[in-house]
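Below: the structure, in structure tokens.
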Amino acid sequence: DSGVTQTPKHLITATGQRVTLRCSPRSGDLSVYWYQQSLDQGLQFLIQYYNGEERAKGNILERFSAQQFPDLHSELNLSSLELGDSALYFCASSVEPGYNEQFFGPGTRLTVL
Amino acid sequence: EDQVTQSPEALRLQEGESSSLNCSYTVSGLRGLFWYRQDPGKGPEFLFTLYSAGEEKEKERLKATLTKKESFLHITAPKPEDSATYLCAVQANSGAGSYQLTFGKGTKLSVIP
Chain A
1018 DSGVTQTPKH LITATGQRVT LRCSPRSGDL SVYWYQQSLD QGLQFLIQYY
1068 NGEERAKGNI LERFSAQQFP DLHSELNLSS LELGDSALYF CASSVEPGYN
1118 EQFFGPGTRL TVL
Chain B
5 EDQVTQSPEA LRLQEGESSS LNCSYTVSGL RGLFWYRQDP GKGPEFLFTL
55 YSAGEEKEKE RLKATLTKKE SFLHITAPKP EDSATYLCAV QANSGAGSYQ
105 LTFGKGTKLS VIP
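Residue numbers (the working numbering), protein chains in the order written: chain A, 1018 to 1130; chain B, 5 to 117.
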């Protein structure tokens, strides 16, 4: 158990819908990262937050957005869902600054029908 | 653009048959190279961080090494419980406190009793 929690574990929804994925980092970690894992693309970085502020963006679609709240938990919002958005979404956290290891949560499996 | 290539894609070993997994990388200033283990449907589990060429780290039957262009994960006398996908990732000195990881697609290891 990495200490990172994610909810829900599974999410099944229809095209065009909007969902919210939630992540709580390890106690003491200030930085949160979101990754998407699909069979053909592998693990892809989406976005990073540090202490409530956006720090870096990867190949995140405009339909996707995220935020980190004062209690450091983070939410990833996915809207206008398409079949291709079906994937595993992972959250990771790390201590900042100076610590590089990222610890991953168990993931949310999103299925878009 | 940072790139990570892992080989082989899949590896089947008999229990006790030692082998190595390869991770070749291209990065503009390496901050760290990471190895993770991932079981099906689970989040990646952190194994090692390597920071500079020549560095080695060990954990049980696993040993990770780093050169300027690649890293190896050596598995000595593997057991069936070592079966998993092993992921390699690099972190670049991109500045501005961005610590995103760029992952390879992984090597799926199967250890046969």
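In this text, a Cβ means the ideal position worked out from N, Cα and C, and glycines have one as well.
Just so it is clear, the structure is predicted and the values come from calculations on it, not from any experiment.
Here L1098/A carries a coil assignment [DSSP, helix/strand/coil]. Shortest Cα-Cα distance from V115/B to any of T53/B, P84/B, Q104/B involves P84/B. Not a single C-beta of chain A is nearer than 8 Å to the C-beta of L77/B. Nearest in C-alpha terms to Q10/B, of all of N26/B, P82/B, G45/B, is N26/B. One finds N1117 in chain A with Cβ atoms closer than 8 Å to the Cβ of R35/B, taken in chain order. Near chain A, meaning a CB-to-CB distance below 8 Å, the residues of the region 48-61 of chain B are P48, E49, F50, T53.
Comparing C-alpha distances from G1045/A to each of L1098/A, L1089/A, R1126/A shows the shortest one belongs to L1089/A.
Within the same chain, Q1061, F1062, L1063 come within 8 Å of N1076/A by CB-CB distance, once the 5 residues on both sides are set aside. The alpha-carbon of E1118/A is positioned some 8 Å away from that of F38/B. For Q18/B, the uninterrupted beta strand (DSSP E) segment begins and ends at 14-18. With its beta carbon less than 8 Å from one in chain A, K46/B belongs to the interface. Residue pairing from DSSP places G1059/A in a beta bridge opposite S1055/A. Counted as a single uninterrupted DSSP element, the beta strand (DSSP E) harbouring L1028/A occupies residues 1027-1030. Of all residues in the region 1053-1074 of chain A, only G1059, L1060, F1062, Q1065, Y1067, R1072, A1073 place a beta-carbon less than 7 Å from a beta-carbon of chain B. Legend: CB atoms of the region 1077-1088 of chain A lying less than 7 Å from CB atoms of chain B are not found in any residue.
If you look at I1077/A, you'll find it isn't in any beta strand (DSSP E); DSSP assigns it neither H nor E.
At a cut-off of 8 Å between beta carbons, K109/B contacts chain A. Within the region 12-90 of chain B, the complete beta strand (DSSP E) runs of at least 3 residues fall at 14-18, 23-30, 34-42, 49-54, 60-63, 66-70, 74-79. Within a 10 Å sphere around the beta-carbon of T106/B sit 16 or more other beta-carbons, which makes this residue buried. Judged by their CB atoms, F1121/A and V1021/A are nearer to each other than the 8 Å cut-off.
Apart from the 5 residues on each side of it in sequence, D86/B sits with its Cβ closer than 7 Å to the Cβ of R65, I79, L113, V115 in its chain, given in chain order.
DSSP, read as helix, strand or coil, puts Q1034/A in coil. Residue environment for Q95/B: buried (at least 16 other C-beta atoms within 10 angstroms of its C-beta).
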